[in-house]
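Working notes, structure below.
2 protein chains.
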Amino acid sequence: MPHRYFTTEIGSGRAALTGPDAHHLADVMRGRVGDQVILCDANAVEYTGTITSVQPGRVEFSVSEGYPSAAEPSVEITLYAGYPKQGKLEDIIRHSVELGVHRVVPFFSRYCVAAPKKEEAKRERYARIAVEAAKQCGRGILPEVSLPLPDFASVCRELKDYDRAFFFYECGGSPLRTLLKEDKAVRRIALITGSEGGFAPEEADLAAAAGARTVGLGPRILRCETAPLAALAAVMTLTGNLE
Amino acid sequence: MPHRYFTTEIGSGRAALTGPDAHHLADVMRGRVGDQVILCDANAVEYTGTITSVQPGRVEFSVSEGYPSAAEPSVEITLYAGYPKQGKLEDIIRHSVELGVHRVVPFFSRYCVAAPKKEEAKRERYARIAVEAAKQCGRGILPEVSLPLPDFASVCRELKDYDRAFFFYECGGSPLRTLLKEDKAVRRIALITGSEGGFAPEEADLAAAAGARTVGLGPRILRCETAPLAALAAVMTLTGNLE
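Chain order of the listed sequences is A and B. Going by this note's numbering, the residue at position 151 of the first sequence is 137; the numbering climbs one at a time, nothing skipped. Going by this note's numbering, the residue at position 166 of the second sequence is 152; the numbering climbs one at a time, nothing skipped.
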């Protein structure tokens, strides 16, 4: 299988890789004129690229007609994840990108143990982790990690932008199987999972008032790093995007 | 919510905790005569226990009639997981126990990068991790971690013990949604996921010959620590055990 690279320098039958990707292809993979790779525009379109020149720091290609990336799910999921302690958000990002998430938005809430600290710098690191995971698992887009929202009300204000919002509550709620059976035309979905401390009852009320459906993930207590993966895998399974 | 402990010393209306659990209840939680806790026999039966005596290293209880643990899923899933590198098996165990696994069986296979090393000692560590996870997430049993099987043929020999075996293959297969729709009376299920190197084609053939259904988990390449969680979450979702 030819190697796969993301590039934004693509159009009119030509494309280029620069920077670390050019170095990887030229020096690590020893790519030569005439070799083929897959190029992805990070907008869910892929191309077969044939190397036309290899220069220091730059590899150029002629490219085929674009075709839709097969790896993108039919639903566009934003994961709102309560900000966890330590490095757990990194694990959540890696797993979520593999499971097909579109965007990850951490947030602070009443029972969060973590507090905001150097979030601009951390966001760069999170974005790098998301890009690496997207490359490894063959995504057609580069999922974004947003700056954390300062409180749960800010999460709720964004929910109107989605076809459906599911609030995963440790106190239980409706089964996803039922909720997703109701309406198959859902495309933009928000999933909301809590941090170690879970949600305050008034946050559950806020979410419901903002139109989110309260959902349960079963009788076992899932850790804050397991719940988002279970939620994502469940939605992807039920919408036919994990098969 | 009262604290929850596992104990095997339970029967005839009486029960006892010893060792670290007795210390935890007596010295950390400051349990006193008359206080109530939930006791679980690790066999999916729970009891309300009322403390009748607190001695050094031993707490005794009178117990209510037993009731079935609500946390146990209706399916009994054994996860056969290709032995991964580094500490990844520990993460797989933690996540799987939360998602309701019954038993985890690591195995070595053709493309495994890890090699057997001090597996008896490691198994003790894995068992401790499973027990801790079971306590934290409120399981009614203590999921077992078996000693690793030496090769993939050994995995296949065990598959006859299950109602269904699903072989998750990176080259794709049938959708779980279809396979699980066919037969709702399935109880004992084996899930088989690979290590970093994935499976050799002859291993896929072996699994099929042993009666396993080959299953795909979608177009994205899942890491060996993500695939078991996605597989478990998918089966639990489709069988109504994640709601």
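The beta carbon of each residue, even a glycine, is placed where N, CA and C say it ideally should be.
Sequence-distant residues of the same chain with beta carbon closer than 8 Å to residue i, five excluded per side
i               : result
L215 of chain A : I78, H81, S82, L85
P59 of chain A  : G86, M222, T225, N227
E106 of chain A : L133
A220 of chain B : L162, L203
A101 of chain A : F94
is_contact[residue i, chain B] using C-beta, thresh 8 Å
i               : result
N29 of chain A  : no
T225 of chain A : no
A220 of chain A : yes
L3 of chain A   : no
H81 of chain A  : yes
A57 of chain A  : yes
6 Å CB neighbourhood of residue i in its chain, flanking five on each side removed
i                : result
E76 of chain B   : I115
I178 of chain A  : Y66, F153
G124 of chain A  : A57
D232 of chain A  : Lying before the first or after the last residue shown, residue 232 of chain A is absent from chain A, which here runs from -13 to 229.
F(-8) of chain B : C26, A28
Start and end residues, alpha helix (DSSP H) containing residue i
i               : result
L192 of chain B : 187 to 195
T223 of chain B : 213 to 224
F138 of chain B : 138 to 144
L76 of chain A  : Going by the sequence as given, residue 76 of chain A is Glu instead of Leu. 74 to 84 is the span of the alpha helix (DSSP H), which, as asked, contains E76 of chain A.
L128 of chain A : Unbroken run through L128 of chain A: none, as it is neither H nor E.
R163 of chain A : 162 to 167
Residue i vs residue j beta-carbon contact at 8 Å
i                 : j               : result
E189 of chain B   : F138 of chain B : yes
A196 of chain A   : C157 of chain A : no
R(-10) of chain B : I24 of chain B  : yes
I63 of chain A    : I175 of chain A : yes
K74 of chain B    : E211 of chain B : yes
V31 of chain A    : P54 of chain A  : yes
P187 of chain A   : E229 of chain B : no
A8 of chain A     : F47 of chain A  : no
S95 of chain B    : G180 of chain B : yes
L145 of chain B   : A198 of chain B : yes
V172 of chain A   : R150 of chain A : yes
Chain A within 8 Å of residue i, Cβ atoms only
i                 : result
Q122 of chain B   : yes
I175 of chain B   : no
G35 of chain B    : no
R163 of chain B   : yes
T212 of chain B   : yes
R207 of chain B   : For clarity, residue 207 of chain B is Ile in the given sequence; the question names Arg instead. Yes, I207 of chain B counts as interfacial toward chain A.
G86 of chain B    : yes
R238 of chain B   : It is not possible to answer for residue 238 of chain B, since the shown part of chain B is limited to -13 through 229.
R199 of chain B   : no
R(-10) of chain B : no
A190 of chain B   : no
A193 of chain B   : no
A216 of chain B   : yes
R114 of chain B   : no
R89 of chain B    : no
Own chain, CB closer than 7 Å to residue i, minus 5 neighbours either side, in chain order
i                 : result
N29 of chain B    : I127
R89 of chain A    : T64, P129, E130, S132
G184 of chain A   : Y97, E156
A12 of chain B    : V40, V45
P(-12) of chain A : Q22, V23, I24
A99 of chain A    : The question names Ala, but residue 99 of chain A is Val in the sequence shown. Excluding sequence neighbours, V99 of chain A sits near K71, S181, E182, G183.
Length of the line joining the Cα atoms of residue i and residue j
i                : j               : result
P70 of chain A   : P136 of chain B : 38 Å
T36 of chain B   : Y97 of chain B  : 53 Å
R209 of chain B  : V45 of chain B  : 45 Å
R18 of chain B   : T200 of chain B : 54 Å
A194 of chain A  : P92 of chain B  : 42 Å
K167 of chain B  : S140 of chain B : 29 Å
H10 of chain B   : P42 of chain B  : 11 Å
A120 of chain A  : I207 of chain B : 10 Å
Y148 of chain A  : G68 of chain A  : 19 Å
L165 of chain B  : G20 of chain B  : 51 Å
K103 of chain A  : R16 of chain A  : 42 Å
L218 of chain B  : T38 of chain A  : 46 Å
R111 of chain A  : V14 of chain A  : 24 Å
L192 of chain A  : A113 of chain A : 29 Å
G52 of chain B   : V61 of chain B  : 21 Å
T(-6) of chain A : P205 of chain B : 23 Å
S(-2) of chain A : G159 of chain B : 37 Å
Y33 of chain B   : T4 of chain B   : 17 Å
Start-to-end residues for the beta strand (DSSP E) that takes in residue i
i               : result
Q41 of chain B  : 31 to 41
T64 of chain B  : 62 to 68
A8 of chain A   : A8 of chain A -> not in any beta strand (DSSP E); alpha helix (DSSP H) instead, spanning 5 to 9.
E46 of chain B  : 44 to 49
R199 of chain B : 199 to 201
Chain-ordered chain E contacts of residue i [CB-CB under 9 Å]
i               : result
G202 of chain A : Here chain E cannot be found, since the structure's protein chains are A and B.
The ligand ADP heavy atom lying under 7 Å from the CB of residue i
i              : result
V83 of chain B : Ligands are entirely absent from the displayed structure, and the ligand ADP is therefore not among its contents.
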